[in-house]
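For reference, the structure discussed in these notes is given below.
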Amino acid sequence: MREMRETRGFVLGPYNPSPTTGLVDVPPRRRLTVWNALWLIAEGAWTILVGHWVTLRNFWRKKVTDQYPHRQARRNWLPGPGYRGDFALITDWKTWELRCIACLQCQNVCPSGCIHITPEGRGRERHPVEFYIDAGLCQYCWLCVEVCPASAITMTPDYETAVDTPRKLIRDIDYLRTRGLEFDDVQRPLEAQQTAEAEHEDKGE
Amino acid sequence: MIADWAERIRAFSEGLCTRFGIPGLLVDVLAWIFGAIFVLLLITVVALAAIYLERKVSGYIQSRLGPMRVGPIGLFQTPMDALKLLEKEDIVPRDADRFLHLLGPVLLVSATVMMFAVIPWDVRANVGRWLDWEIGLLYLVAVSGIGMLGIVCGGWGSNNKWSLLGALRGVAQLISYEIPLVLAAMCVVLQAETLSLSQMVEQQQAGIWAWFLWRPWLMLPAILLLIAGIAEVNRTPFDIPEAESELVAGFHTEYSGMKFGLFFLAEYTHLFVVGLLFAVLFLGGWASPLGGSNLPFEGLVWLNLKAWIFVLIAMWVRWTLPRLRVDQLMAMCWKLLIPASFAALVIVGVVLMYA
Amino acid sequence: MSLPPVGLAHYLAVAVLLFAMGLFAVVTRRHAIGVLLGIELMLNAASINLVAFNRFGPLVTVKPGAGVDMADGQIFALMVIALAACEAAVGLAIILRLYQTLATVEPDDADRMRW
Amino acid sequence: MNLVQYYGLTAEQWLEYVGFLGTAGVALVSGLGVLFARRVLHAAVWLLFCLLGVAGLFALMGAHVLFGVQILVYAGAIAVMIIFAVLLLERATGRGILSGNRHLFAGVVSAGAFVVVMAPTLGVALWAAGWPSQTAPTTGQTNVALIGRLFLTRHLLAFELMSVVLLVAMIGAIVLARAERRSDAEEAPEAQGGGAAHVPTEEARPS
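Protein chains in written order, with my numbering: chain A, 1 to 205; chain B, 206 to 560; chain C, 561 to 675; chain D, 676 to 882.
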């Protein structure tokens, strides 16, 4: 039988206090004789030595650090599915134009207001002439991608988005189009892409 | 005969004196000044090297590479960080006690620097040859006690509860661990029958087997000094005063800029001094483990080598063991180390009396 | 004009000034810890005196030229330091106790035993 | 080479003079700091520097052991203890402790009277030719060995008494400063077994 006890001072052994009560589950105390105490000290010293042996082994082991921009252990490394990197506007593969229909839903839904679109034309002719995304404002919440009826906007897995001036954080339409052409939308999560395609077809494009 | 480079420095300052017509007695003053410059350069280099080494060792132990970017293998990372600290703004909290806030790092660093005064670097070579004191060890212990006041002043002066808690814990820890440290050192004093550090070294000069470490009755004090020394510089198994997970950064939470840098400097310099002390007490100080030899600067090299080995061991311990809890820390000191050090003192006394 | 070399009188002068400062602090301080600080100053002045007389005083010239091992003044000063440690510990304990019982730390307010 | 044969002092005496002025200056200036610091905490810190200055004076007088002990015990322990007490009281009272003066007139009179009585000493130090200051001829014994030997031979009784006094003072200080605890906190931990509701807190104690 173990009992819950308040502990004081030096508790020998791996007894962790309960996070709720702060009490420790301690086995009933045996009398601490001199030999017992010496044995405990020896045991503790041995465990400490074992720990040092482990760290010493790791010290000589091959290092796992990838010195990324200078030396890349794995070329063309891509993050896992669902990674939200740089933005892109997707070009339709049939008409060779942007899929975007300038419905301004992404601009409206964006919580940080980082999208700015200037539309032009009416009906089927409606398209954006200017499309700005401020990457410095964006919080990568994915809402614009969710809301887009044309599946025109996405985030590519490109993680090398560092720039040297804040102005370059504002992506304009040419940049976004180029990104879309470079990455297409193959990197989107597959199911999301398929459902988007299906919906697009259903609307009778 | 060991080439006495201290004599060369002295000869150099004598030359300066005759050149500029300075009276002969001031040769000693000049030698002190040279010694002080030597120590100041040394602590800068030592602190930078120790911080670099710490980063590398921690990285290697965790299968990382550590700093690699600035300089050949990251060698310039620490100087660059020091430069960054120098140019950073010095922020003092609004309701802080400015006097004490400034006094904290100053006291800590000056205590650490003062400890170098009695270290025997080579045969008859201390700072300016004057401070080969009969009370060397007493001086060392006494001066290290002043650093504790720096912690209190810094912790209280920043008007922050984390700082205050860190300072209180730190002082409690330092006062407690000073007892086993001093008692373990007293065992060596019993063996050497002197308080002067250079005389202790002279008794261990004959080679590696003359070191005090190999006397069986002095092994327990050596272990105690190792543990208490690591605790004395607030390093990780004992870094309760700056426990990041509980107190933000302990007593230097509210420090920035060069004052923070001074805390860092003091920490690593203090570590090195404790290494030097350990080397002098147990590892033969500047004496070569091969016995007598006569290369120039040899003593300096040997002493540094031994001290750096201690520093490396301290880093190894730091990156292996987790932090103790406050009560565990104090219990370990008062229930384990202090009785053990008293026992060691008695054992050494009895052995030396009947041996 | 010739300046006297540093001797007994110089150290005694420092001790006099320190003692006067301590006396002033003891008499005027409102706060008990301030009084304690004054006492420490006075004790230090006394031990400076002891050591100075040991160093420069007539004791060392009992056997001129022979060399005497006389460190009685230093021993007295060491005892002064030890007693100062006791005094500070007990004094601070009393002050803390005073605060716990009377909620004051001013020695003038602790006048319960007066009547 | 005889650059400093001024004022009838040799170079060594000049060196001693400079050292003396430096350490005495530290001691006296920080003594004034103790007097005029507004907060008791600052006064305690000034006291620390004053103690260090006095330690320097000891070292100048060749009392090396005393120098070490002064720094170790006075600066390292007593000053820390006083600062700790001030911190505790400031936490307890919740405000900074100012060192207000009360009997200013009495203080000025008593200290002034003391200085006036002792004025000849000051005069001797500053203007007169000085008392003959013999330095102790030594037998080559170090200060450490000398003091150790004296402690264990001539002053043995005082030494032992001192240790007893220290012990008594330590116990007395602990007994005095200890707050009254509630009775259940005094009990052995076995008596509180199974009491998950009982979580001892620091706030339960007074102040």
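All C-beta atoms, glycine included, are put in the ideal place defined by N, C-alpha and C.
is_contact[residue i, chain B] using C-beta, thresh 8 Å
i	result
ASN58 (chain A)	yes
PHE10 (chain A)	Model confidence at PHE10 (chain A) stands at a pLDDT of 48, short of 50, so the residue's coordinates are unreliable; what they give is reported in the following sentence. At least one chain B Cβ lies under 8 Å of PHE10 (chain A).
ILE115 (chain A)	no
ILE758 (chain D)	yes
ILE170 (chain A)	no
ILE153 (chain A)	no
ILE90 (chain A)	no
ILE48 (chain A)	yes
ILE746 (chain D)	yes
Contact with chain D by residue i, beta-carbon distance below 8 Å
i	result
MET581 (chain C)	yes
ALA347 (chain B)	yes
VAL622 (chain C)	Here VAL622 (chain C) scores only 47 on pLDDT, less than 50, and its place in the model should not be relied on; the value that follows carries that caveat. So, not an interface residue.
MET602 (chain C)	no
ALA612 (chain C)	yes
ALA606 (chain C)	no
ALA670 (chain C)	no
ARG657 (chain C)	yes
MET639 (chain C)	yes
LEU547 (chain B)	First, the residue type needs correcting, since residue 547 (chain B) is Phe and not Leu in the sequence shown. Chain D contact via Cβ: absent.
LEU652 (chain C)	yes
TRP361 (chain B)	yes
CYS538 (chain B)	no
CYS358 (chain B)	yes
Per-residue contacts from residue i into chain A (C-beta, under 9 Å)
i	result
ARG187 (chain B)	Only positions 206 to 560 of chain B appear in this structure, which leaves residue 187 (chain B) out of reach.
ARG269 (chain B)	LYS63, VAL64 and THR65
TRP521 (chain B)	HIS52, THR55, LEU56 and PHE59
Contacts of residue i in chain A (Cβ-Cβ under 7 Å)
i	result
ILE266 (chain B)	THR55, ASN58 and PHE59
Contact list for residue i against chain A, beta-carbon separation under 8 Å
i	result
TRP597 (chain B)	This structure cannot speak to residue 597 (chain B), because chain B is shown only from 206 to 560.
Where residue i meets chain D, residues with beta-carbon distance less than 9 Å
i	result
LEU467 (chain B)	The contacting residues do not exist; LEU467 (chain B) stays about 18 Å from chain D at best.
Proximity test, Cβ basis, 8 Å: residue i and chain C
i	result
VAL715 (chain D)	yes
VAL704 (chain D)	no
GLU691 (chain D)	yes
GLY697 (chain D)	no
ALA781 (chain D)	yes
PHE711 (chain D)	no
VAL701 (chain D)	no
ARG766 (chain D)	no
Proximal chain B residues relative to residue i, where beta-carbon distance stays under 9 Å
i	result
HIS739 (chain D)	TRP338, GLU339, ILE340, LEU343 and TYR344
ILE822 (chain D)	Those do not exist, as ILE822 (chain D) stays about 10 Å from chain B at its closest Cβ, beyond 9 Å.
Interface partners of residue i on chain B, CB under 7 Å
i	result
LEU723 (chain D)	LEU354
GLY911 (chain D)	Nothing about residue 911 (chain D) can be read from this structure; chain D reaches only from 676 to 882.
Short CB-CB distance (under 8 Å) between residue i and chain A
i	result
MET273 (chain B)	yes
GLY333 (chain B)	Confidence in GLY333 (chain B) is poor, its pLDDT being 46 and thus under 50, which makes the residue's placement unreliable; the coordinate value appears in the next sentence. Not an interface residue.
Neighbour list for residue i in chain B, Cβ cutoff strictly below 8 Å
i	result
ALA750 (chain D)	ALA347, GLY350, ILE351 and LEU354
ILE133 (chain A)	Simply none; closest approach about 31 Å.
ALA754 (chain D)	LEU354
LEU831 (chain D)	Here the premise fails: no neighbours, minimum Cβ distance about 18 Å.
Beta-carbon neighbours of residue i, restricted to chain C and to distances below 7 Å
i	result
VAL819 (chain D)	Result: empty, since nearest Cβ-Cβ is about 10 Å, beyond 7 Å.
LEU825 (chain D)	ALA631 and ILE635
Interface residues of chain D facing residue i [CB-CB closer than 8 Å]
i	result
VAL551 (chain B)	The contacting residues do not exist; VAL551 (chain B) stays about 17 Å from chain D at best.
LEU643 (chain C)	MET837 and VAL840
PHE304 (chain B)	HIS717 and VAL720
Beta-carbon neighbours of residue i, restricted to chain C and to distances below 8 Å
i	result
LEU726 (chain D)	GLU600 and ASN604
LEU707 (chain D)	MET581
Original post:
For the stretch 452–461 of chain B against the stretch 389–408 of chain B, are there 3 or more C-beta pairs whose distance is under 8 Å?
Top reply: no
Original post:
At what residue ranges does the stretch 741–772 of chain D contain a whole run of the alpha helix (DSSP H), taking only runs of 4 or more?
Top reply: 754–768
Original post:
Is the stretch 477–494 of chain B touching the stretch 414–432 of chain B in the sense that three or more CB pairs, one from each, lie closer than 8 Å?
Top reply: yes
Subject >> Residues in the stretch 408–420 of chain B having any Cβ partner in chain D nearer than 7 Å >> reply: none
Original post:
In chain order, what residues of the stretch 570–599 of chain C put their CB closer than 7 Å to some CB of chain D?
Top reply: HIS570, TYR571, LEU572, ALA573, VAL574, VAL576, LEU577, LEU578, PHE579, ALA580, MET581, LEU583, PHE584, ALA585, VAL587, THR588, ARG589, ARG590, HIS591, ILE593, GLY594, LEU596 and LEU597
Original post:
When you check each C-beta in the stretch 92–110 of chain A against every C-beta of chain B, which residues fall closer than 7 Å?
Top reply: none
Subject >> Cβ contact check for the stretch 431–450 of chain B and the stretch 298–307 of chain B: 3 or more pairs under 8 Å >> reply: no
**OP:** Quick one: which unbroken alpha helix (DSSP H) runs of 4-plus residues sit fully inside the stretch 439–466 of chain B? Chain order, please.
**Re:** none
Subject >> the stretch 510–526 of chain B contacting the stretch 256–275 of chain B, beta-carbon criterion three pairs below 8 Å >> reply: yes
**OP:** Evaluate contact between the stretch 566–585 of chain C and the stretch 696–708 of chain D, counting only Cβ atoms and requiring at least three cross-stretch pairs below 8 Å.
**Re:** yes
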